[in-house]
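Have a look at the structure below before the remarks.
Protein chains: 2
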Amino acid sequence: MPESLEPTRREQIMSTAQKMMRSNGYQGTSMRDIAAALQIEAASLYNHISSKEEILRSTCFGMADKFITGINEVNDIYFNAEEKLAMAVRNHIKVLTENLNASFVFIHEWRNLAEESRKEFVSLRDEYENQFRKILETGEEEGLFNEVNNKFAVLTILSSLNWVVEWYRPDGEMNPQQIAEKLNEFILTGLKK
Amino acid sequence: MPESLEPTRREQIMSTAQKMMRSNGYQGTSMRDIAAALQIEAASLYNHISSKEEILRSTCFGMADKFITGINEVNDIYFNAEEKLAMAVRNHIKVLTENLNASFVFIHEWRNLAEESRKEFVSLRDEYENQFRKILETGEEEGLFNEVNNKFAVLTILSSLNWVVEWYRPDGEMNPQQIAEKLNEFILTGLKK
DNA sequence: TATCGACTAACAAACGTTAGTTTATAATGC
DNA sequence: GCATTATAAACTAACGTTTGTTAGTCGATA
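If you read the sequences in order, they're chains A and B. 1 is the number of the first residue of the first sequence in the working numbering; add one for each residue after it. 1001 is the number of the first residue of the second sequence in the working numbering; add one for each residue after it.
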């Protein structure tokens, strides 16, 4: 069987579903809606996926994996904290802008996961935040960063990064590299002259 | 008829609905769910509200009004830009923490508004962002702030403020004043020593 | 001759909402 | 002070849709 360059049917379903869930939310997107966009019947979807929730689960955990891979990469390489932070931000923005629809679902729709998956998801999220926090702690120890409430700082920084998904447009003024650069400036030195 | 100190039935419905929509989303909260929480039948809700969407509409526009009132107050009083920004942040955090559930719905569920309301809502949001942007522009002119992409800066700042709704707990370590203060520090001077 | 991927048909459950009714309380007219 | 009327707020029952999903089938491709 020849390895096709075309996306598999499953991948088509996933990306169509993600796009629609971005616009209309998880609960606002029905299996019939997804099927119609692919010009097939709802029942046919079940030849490729096992349930609607599997779409959400696969999306959320797939993205979590990408983000965590990104930050592990940063923490494995030795740099000072400032460089580490800059790299973490770049990686985050890269993953986010390369998977806009999936990222949106990841950020906004994870609450719709069933109990068990939701718990697992939250702990992955916590792990990611911890990795980020470690960078800030290193920065403090190195005397580079102000002493701040690190938990608070991480949440504030991540919110700025994640909000990019709300306004970023591939054809907009800023490309992902520029966005990451500006965010790094802002995080490090703030507004004040 | 004596003016009661009790909330009206409508207010009870609103705040119950907001609490449930915070946990389960707009579409994840049915009229029967809301009614059950109030120990009445779903049909009885319609003696007090006209539709499910009215709950969302009233919540979103009610909060928009509070936020806009807050920023107008700031811009009407003459301070320098740094003081204005600090006040705007304080007001934002105040409104947000005093109406946690409604704020959460305001931030996350407005997409479920019907076409017409959604457009109106978005323009109110734009107005708010413009008022914020004006403060940053003033700061630039006064030579207080760095020259930055103001649109970008406003979105980044507002994301940090809005994310507070995700983690703030009335019984947590930081009270709203402290949160606002920390956010102001961070916005002005960043992490770097 | 399997396997893949589509189909039709149907399911039980849940959805927002309406109609019409009942009951308790408040306001009014005599 | 009493009978009447009005109002508020609950109820039961039902409506037409839409929902996610399953079962079973059929044609095309490997």
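Every residue, glycine too, gets a C-beta built ideally from N, C-alpha and C.
- The beta-bridge partner set that DSSP reports for Lys1192/B consists of Phe145/A.
- By the 16-neighbour rule on beta-carbons within 10 angstroms, Gln1018/B is buried.
- About 7 angstroms separates the beta carbon of Ser58/A from that of Met14/A, a gap short enough to meet the 8 angstroms contact definition.
- Within the stretch 1068 to 1095 of chain B, contact with chain A at the beta-carbon level (separation under 9 angstroms) is assigned to Glu1082, Leu1085.
- Here Thr8/A is exposed: its Cβ has fewer than 16 other Cβ atoms, across all protein chains shown, within 10 Å.
- The C-alpha of Gln131/A lies about 11 angstroms from the C-alpha of Phe67/A.
- Within the same chain, and ignoring the five residues on either side of Lys1193/B in sequence, no residue has its Cβ closer than 8 angstroms to its Cβ.
- Per the coordinates, the alpha-carbon of Met174/A lies some 49 angstroms from the alpha-carbon of Ala1042/B.
- The beta-carbon separation of Trp163/A and Thr1069/B, rounded to 24 angstroms, does not stay under the 8 angstroms limit for a contact.
- The stretch 1108 to 1125 of chain B and the stretch 1073 to 1085 of chain B do not touch, with fewer than three beta-carbon pairs separated by less than 8 angstroms.
- Annotated three-state conformation of Leu1158/B is helix, per DSSP.
- Contact check for Ala102/A against Gly62/A passes: the beta carbons are separated by less than 8 angstroms.
- By the rule that beta-carbons nearer than 8 angstroms mark a contact, Phe1132/B does not touch chain A.
- Rounded to whole angstroms, Leu144/A and Glu137/A show a C-alpha spacing of 10 angstroms.
- Pairing Glu54/A with Ala114/A gives a Cβ-Cβ distance that is not under 8 angstroms.
- Across the structure, Pro176/A and Ser1160/B are spaced so that their CA atoms are roughly 20 angstroms apart.
- Gly1190/B sits close to Leu188/A, with the two beta carbons spaced by under 8 angstroms.
- Contact note: Gln1027/B reaches chain A through Gly25, Gln27, Gly28, using a C-beta cutoff of 7 angstroms and chain order.
- Contact between Ile1135/B and Ala1081/B holds, since their C-beta atoms are separated by about 6 angstroms, short of 8 angstroms.
- The alpha-carbon separation between Pro170/A and Gln178/A amounts to approximately 12 angstroms.
- Within the stretch 1154 to 1168 of chain B, the residues whose Cβ lies closer than 9 angstroms to any Cβ of chain A are, in chain order, Leu1155, Thr1156, Ile1157, Leu1158, Ser1159, Ser1160, Leu1161, Asn1162, Trp1163, Val1164, Glu1166, Trp1167.
- Between the alpha carbons of Glu1141/B and Glu1147/B lies a distance of about 9 angstroms.
- About 7 angstroms separates the Cβ atoms of Arg1010/B and Ile1049/B, confirming a contact at the 8 angstroms cut-off.
- Short of 8 angstroms from the beta carbon of Lys182/A, and not among the five residues preceding or following it, lie these beta carbons of its own chain, in chain order: Met174.
- Less than 8 angstroms divides the Cβ of Ile1071/B from the Cβ of Tyr1128/B.
- When CB distances to chain A are screened at a threshold of 8 angstroms, the residues of the stretch 1134 to 1148 of chain B falling below it are Leu1136, Gly1139, Gly1143, Leu1144, Phe1145, Asn1146, Val1148, in chain order.
- Boundaries of the alpha helix (DSSP H) around Asn1075/B: 1052 to 1076.
- Only Glu1173, Met1174, Ile1179, Lys1182, Leu1183, Glu1185, Phe1186, Ile1187, Leu1188, Thr1189, Gly1190, Leu1191, Lys1192, Lys1193 from the stretch 1172 to 1193 of chain B bring a Cβ to less than 9 angstroms from some Cβ of chain A.
- At least one CB atom of chain B sits nearer than 8 angstroms to the CB of Phe152/A.
- Shown here is that no member of the stretch 114 to 126 of chain A has a Cβ falling below 7 angstroms from a Cβ of chain B.
- At least one C-beta of chain A is nearer than 8 angstroms to the C-beta of Arg1111/B.
- Nearest Cα to Arg1125/B within the set Val1089/B, Gln1012/B, Ala1064/B: Ala1064/B.
- For His1048/B, the three-state secondary structure derived from DSSP is coil.
- Remark: C-beta atoms of Leu1056/B and Glu1098/B do not approach each other more closely than 8 angstroms.
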